[in-house]
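Numbering (my numbering), first residue to last: 1 to 313.
All residues carry an ideal CB built from backbone N, CA and C; glycine is no exception.
Because the structure is a prediction, the values reported are computed rather than measured.
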């Protein structure tokens, strides 16, 4: 049955490519522009930098600043603090990429990596503040209470789920011996890995943007189309939900934040891609995303029953 569904889906997609070439070209152009103007310049430097930091072991120079707090909150190793830091600051799928690299290089165990994967792969603050809050939701200033809620929930999820994961934490002294000197072959390998990763991410963005354009051909009302779009690709979906004038501002905020927390199938595919070569499973990340997205939706909606809080965002 699964094979039949896959064959039918692939056949339908091929048929659409031949019967609606303009729609496919429009989606390809939109996805390529999104990748080239937003993802490539913002993510590629972090990919190269992170690859170098992990390959040389210099990422441990960043951990003393945040390790005391993060180790106390989550019960993780010093090396894992680097993945938490980048997972919250750099955006999808950087958190998953760093966790996979640390597992692949033997800095952390697969069990610890699975735990981190559940909450360390999030929308970047720059994207959430500038694009979502100010541009699409139309806030005149940053809604800090909404931002706090959005990023506190993954942290709370990490603290709640910690007792369900059991892993051994190596001492920091033993790991210091794994520092390596940077040389040109290492630099070349780190750069090529970064270019390979960013190219694959671009391919997924283009593919799912084309699928969103095909969704627009369905004879559905605007709300179901916007909901399906945000499940496919968050940027396209956020655009459509933010444009729904028939939906109240509070509901639009809840839906947009829920879609941003979930990530959609495009981010799921990107996460699966960066996890290749490790025992880590994308299902662990997806379970965390679904839980956090549901909580985001419910808590933002609760603002309707608290007028004093609603005014804060």
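In this structure, the alpha-carbon of residue 253 lies about 48 Å from that of residue 183.
Nearest neighbour of residue 267 by Cα position, chosen from 205, 187 and 104, turns out to be 205. Boundaries of the alpha helix (DSSP H) harbouring residue 285: 282–301, taken from the DSSP string. Inter-residue distance for residue 74 and residue 283 is about 21 Å (C-alpha atoms, whole angstroms).
In the structure shown, residue 244 falls within a coil segment according to DSSP collapsed to helix, strand and coil. Separation of residue 107 and residue 238 (C-alpha to C-alpha, rounded to the nearest whole angstrom) is 37 Å. Counting along the chain, residue 194 sits inside the alpha helix (DSSP H) bounded by residues 184–215. In terms of Cβ geometry, residue 55 and residue 232 do not form a close pair [threshold 8 Å]. In the three-state DSSP reduction, residue 264 falls in the helix class (H, G or I). Here the C-alpha atom of residue 248 lies approximately 33 Å from the C-alpha atom of residue 95.
Straight across, the Cα-Cα distance linking residue 19 with residue 292 is about 39 Å. Of the residues assessed, residue 221 falls on the exposed side of the cut-off, its CB having fewer than 16 other CB atoms within 10 angstroms. Listed in chain order, the beta strand (DSSP E) runs fully inside the segment 91–136 amount to none, counting runs of at least 3 residues. The beta carbons of residue 128 and residue 243 sit no closer together than 8 Å. In the structure shown, the three-state DSSP call for residue 181 is coil. The alpha carbon of residue 164 has as its nearest neighbour, out of 198, 116, 80 and 201, the alpha carbon of 116.
With contact defined as three or more Cβ pairs closer than 8 Å, the segment 199–218 and the segment 24–36 are in contact.
Here the alpha carbon of residue 181 sits roughly 40 Å from the alpha carbon of residue 147. Residue 198 places its beta carbon less than 8 Å from that of residue 43.
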